[in-house]
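Visitor: Protein chains in written order, with my numbering: chain A, 1 to 156; chain B, 1001 to 1502.
All C-beta atoms in this analysis are idealised placements derived from N, C-alpha and C, irrespective of residue type, glycine included.
Nothing here was measured: the structure is a model prediction, and the numbers come from that model.
Dropping the structure in here first, questions after.
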């Protein structure tokens, strides 16, 4: 346990984002038919929810105003780097999987993940990447019979 | 009496279903996977079940897949204690308090008895919980047959609000998550009029936001990204684990803690929004209060392990009651099982027991079997699981992400879904960074359609008068309970403020 985090001050940021979402929904639902209390239409609940969100986010912003002078930073030093790399590799996976096919893409995914994010030894990286790719292929293609993208090499 | 006979007969049929080779295998697989995710910190049962959602079709019939998913859920409650005791990191959220005294016991060389009493307590409480489920669920479902739209509206509101009151750290943030979840649930075609809502021009969104994609993004990817920031180092206190079987003295000290824990867990588990996490916290507080030596707590009191570990198991069993009788899931993991049932074309609710007795009784019976399997998996074989803690998160994380990608791709065979999942993953990560728990959101998303339908139908019935939610006996009582809870909460907050001032 890392002790109590002071992030109340950051609520101001999330509060403003939520406020915008709230205003957008409330405004967006007015173009849907709202109906009346007697006969509520499709815009009835979303409008109500938008109003709720506006109120709640205003409270959040209001409460955050006088809190901590020095809040816990959201990211210490470079802790944002690893999640960011994770997202980048995930995006890479989505872009290339249909061209390169399941087997190749999965192998490369594991390779760069463990090399870039975790910096493991090359021997470990290679053996785990090969092993995992084979096991995942067996599970999905053979056991569960999921049609996987074959890619230009027509593997699988 | 005929009711009791019917229950007995149903249970016997259920055992017939649970004891087929196929279902036994999947119950074992569920218990196995559950123990693994329980032990591994950074991967919870809700995330794991979400990983398996796209595969639930391939697994087989509704009974079989739910038997497995249920096993993952209650199996995780067994596994969680192992990591708490040996590493001082909760393997699972419901084992947070077990760290306090469990780890102290391990430091004093009593890791064996701590692990032993958790497994035995878990088994006793889990089984008591299933017995409770067997007898409480059928009459409750029969009672729920009387529910109309106003009752369902009151019930869902009560459930959602209690999830925020009991669940997270901040009620305000919990409420916000609920509103967001309900909004997300209203994307797509309006179920009543067929109007298109909030699709922002995306054709793919007309069917609404897909639950599987949302759940895997928020829970699977989001959790991994969040954990990537931290170094999850798992260092074991001790490699030698002996004397698993508790001594007579240990047993004498912890037997009432187990019984109390079982009851606390059961009653908290039934509550909408209740569940394993809170029940373990309550049980720890109760044990400390009733103990003759409260000073021993925090220094390795065995009751501090036995109580909470029992409570989270009976809570896990009990939380199936609102799901299977009312169709209202009470926590995130159960919401995943709710979705799995819907994917398989089974509508959870008061009609489930009569219309799909095979699903209801099959799953209930499998839980008796599963708890016995888990006792064996966790008591004699605990040494094997401990090895699992040596698998570093560095290897596990990319494999889980891959599993999410392939799983979500397999549902509709489009890369579009991987993108959407990735976006929800980033959102889930940011939620956690800013201190918003995604649990209530997924609950609200699942309950959204029911809430909206019942609200609009009720207002149609009453010709627009909101009094309909208060002047019908059942709905009125539910609203009364809700009001009491809110007043109680206000009272607590005010008292805190006063005591701060003085």
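Since residue 1228 of chain B and residue 117 of chain A are thought to touch, with beta carbons under 8 Å apart, how far apart are those beta carbons, to the nearest angstrom?
Guide: That belief holds up - the Cβ atoms of residue 1228 of chain B and residue 117 of chain A are roughly 7 Å apart, short of 8 Å.
Visitor: Check whether the region 1019 to 1029 of chain B touches the region 1326 to 1334 of chain B, counting contact only when three or more Cβ pairs, one atom from each stretch, lie closer than 8 Å.
Guide: No contact exists between the region 1019 to 1029 of chain B and the region 1326 to 1334 of chain B.
Visitor: Just to make sure I have the definition right: I need the residues of chain A whose C-beta is within less than 8 Å of the C-beta of residue 1224 of chain B. Which are they?
Guide: What residue 1224 of chain B touches in chain A: 86.
Visitor: Which residues in the same chain have their Cβ closer than 6 Å to the Cβ of residue 1288 of chain B, if we skip the five residues on either side of it in sequence?
Guide: These residues qualify, in order along the chain: 1294, 1297.
Visitor: Does the Cβ of residue 1461 of chain B lie closer than 7 Å to at least one heavy atom of the ligand PLP?
Guide: Ligands are entirely absent from the displayed structure, and the ligand PLP is therefore not among its contents.
Visitor: Rounding to the nearest angstrom, what Cα-Cα distance links residue 151 of chain A and residue 1217 of chain B in this structure?
Guide: Cα to Cα, the separation comes out at about 25 Å.
Visitor: Rounded to whole angstroms, what is the Cα-Cα separation between residue 1103 of chain B and residue 1317 of chain B?
Guide: About 26 Å.
Visitor: Mind checking whether residue 129 of chain A and residue 1176 of chain B have CB atoms under 8 Å apart?
Guide: Cβ distance not < 8 Å, so residue 129 of chain A and residue 1176 of chain B don't count as in contact.
Visitor: Is the beta carbon of residue 1314 of chain B less than 8 Å from the beta carbon of residue 1265 of chain B?
Guide: Cβ atoms of residue 1314 of chain B and residue 1265 of chain B: closer than 8 Å.
Visitor: Looking only at its chain, what residues have a beta carbon closer than 6 Å to the beta carbon of residue 1339 of chain B, apart from the 5 residues adjacent to it on each side?
Guide: Here the set comprises 1211.
Visitor: So is residue 1493 of chain B buried or exposed if we call it buried at 16+ other beta carbons inside 10 Å?
Guide: That one is exposed.
Visitor: From the DSSP output, read off the bridge partner residues of residue 40 of chain A.
Guide: For residue 40 of chain A, which the question treats as bridged, DSSP gives the partners A:35.
Visitor: Name the chain A residues whose beta carbon is nearer than 9 Å to that of residue 1152 of chain B?
Guide: Neighbours of residue 1152 of chain B on chain A: none; closest Cβ ~14 Å, over 9 Å.
Visitor: Am I right that residue 1440 of chain B and residue 114 of chain A are in contact with their C-beta atoms under 8 Å? What's the rounded C-beta distance?
Guide: The pair is not a contact, with the Cβ atoms about 35 Å apart (cut-off 8 Å).
Visitor: Beta-carbon separation of residue 1393 of chain B and residue 1225 of chain B under 8 Å?
Guide: Against a cut-off of 8 Å, the Cβ pair of residue 1225 of chain B and residue 1393 of chain B comes out as no contact.
Visitor: Out of curiosity, what's the CA-to-CA distance linking residue 1299 of chain B and residue 1099 of chain B?
Guide: Using only the alpha carbons, I get a separation of about 11 Å.
Visitor: Can residue 97 of chain A and residue 1063 of chain B be called in contact, C-beta distance under 8 Å?
Guide: Going by C-beta atoms, residue 97 of chain A is not nearer than 8 Å to residue 1063 of chain B.
Visitor: Excluding the five sequence neighbours on either side, which residues of its own chain have a C-beta within less than 7 Å of the C-beta of residue 1253 of chain B, listed in chain order?
Guide: Closer than 7 Å at Cβ, skipping near neighbours: 1302, 1303.
Visitor: Run down chain A in chain order and give the residues with a C-beta less than 8 Å from the C-beta of residue 1058 of chain B.
Guide: Residues of chain A passing the Cβ test: 144, 145, 146.
Visitor: Quick check on residue 10 of chain A: buried or exposed, where buried means 16 or more other Cβ atoms within 10 Å of its Cβ?
Guide: Buried is the call here.
Visitor: When you compare each of B:1373, B:1012, B:1324 to residue 1352 of chain B by their alpha carbons, which one comes out closest?
Guide: Closest option to residue 1352 of chain B, Cα to Cα, is B:1324.
Visitor: Note the first and the last residue of the continuous alpha helix (DSSP H) segment covering residue 1467 of chain B.
Guide: Here residue 1467 of chain B belongs to no alpha helix (DSSP H), and DSSP marks it neither H nor E.
Visitor: Tell me whether residue 1501 of chain B sits in a helix, a strand or coil according to DSSP, three-state version.
Guide: If DSSP states are grouped into helix, strand and coil, residue 1501 of chain B belongs with the helices.
Visitor: For residue 106 of chain A, which residues in chain B fall below 7 Å Cβ to Cβ?
Guide: Ordered by position in chain B, the residues that pass the 7 Å Cβ test against residue 106 of chain A are 1402.
Visitor: Could you tell me whether the region 1049 to 1056 of chain B touches the region 1001 to 1011 of chain B, using the rule of 3 or more Cβ pairs below 8 Å?
Guide: At 8 Å Cβ cutoff, the stretches do not touch.
Visitor: Starting from the C-beta of residue 1015 of chain B, find all residues in its chain whose C-beta is less than 6 Å away, skip the five residues before and the five after it, and write them out in chain order.
Guide: 1365, listed in sequence order.
Visitor: Do residue 1107 of chain B and residue 1400 of chain B have their C-beta atoms closer together than 8 Å?
Guide: No, the Cβ-Cβ distance between residue 1107 of chain B and residue 1400 of chain B is not below 8 Å.
Visitor: Could you check which residue in B:1342, B:1472, B:1179 has the C-alpha nearest to that of residue 1452 of chain B?
Guide: Selected option, being the one with the closest Cα: B:1179.
Visitor: If contacts are defined as beta-carbon pairs under 8 Å, then residue 1092 of chain B and residue 1045 of chain B qualify, I think. What distance do you get, rounded to the angstrom?
Guide: With 8 Å as the limit, residue 1092 of chain B and residue 1045 of chain B qualify as a contact, their Cβ atoms being about 7 Å apart.
Visitor: Please list the terminal residues of the continuous alpha helix (DSSP H) segment that includes residue 1413 of chain B.
Guide: Where residue 1413 of chain B is concerned, there is no enclosing alpha helix (DSSP H), given that its DSSP letter is neither H nor E.
Visitor: For the alpha helix (DSSP H) holding residue 12 of chain A, just list the boundary residues, first then last.
Guide: Unbroken alpha helix (DSSP H) run through residue 12 of chain A: 11 to 30.
Visitor: Using DSSP with H/G/I as helix, E/B as strand and the rest coil, what is residue 1188 of chain B?
Guide: Residue 1188 of chain B falls in the strand class under three-state DSSP.
Visitor: Can you tell which of B:1310, B:1248, B:1170, B:1236 has its C-alpha closest to the C-alpha of residue 1268 of chain B?
Guide: Measuring from the Cα of residue 1268 of chain B, the nearest candidate turns out to be B:1310.
Visitor: Does the CB of residue 94 of chain A have a neighbour CB from chain B at under 8 Å?
Guide: Yes - at least one Cβ of chain B is within 8 Å of the one on residue 94 of chain A.
Visitor: Against chain A, which members of the region 1133 to 1161 of chain B pass a CB distance test of less than 7 Å?
Guide: Per Cβ criterion, the list is empty.
Visitor: Give me, in chain order, the residues of the same chain whose beta-carbon lies closer than 8 Å to that of residue 1 of chain A; leave out the 5 immediate sequence neighbours on both sides.
Guide: In this prediction, residue 1 of chain A scores a pLDDT of 33, lower than 50, which makes its location untrustworthy; the coordinate-derived value is nonetheless stated afterwards. Result list for residue 1 of chain A: empty, nothing under 8 Å.
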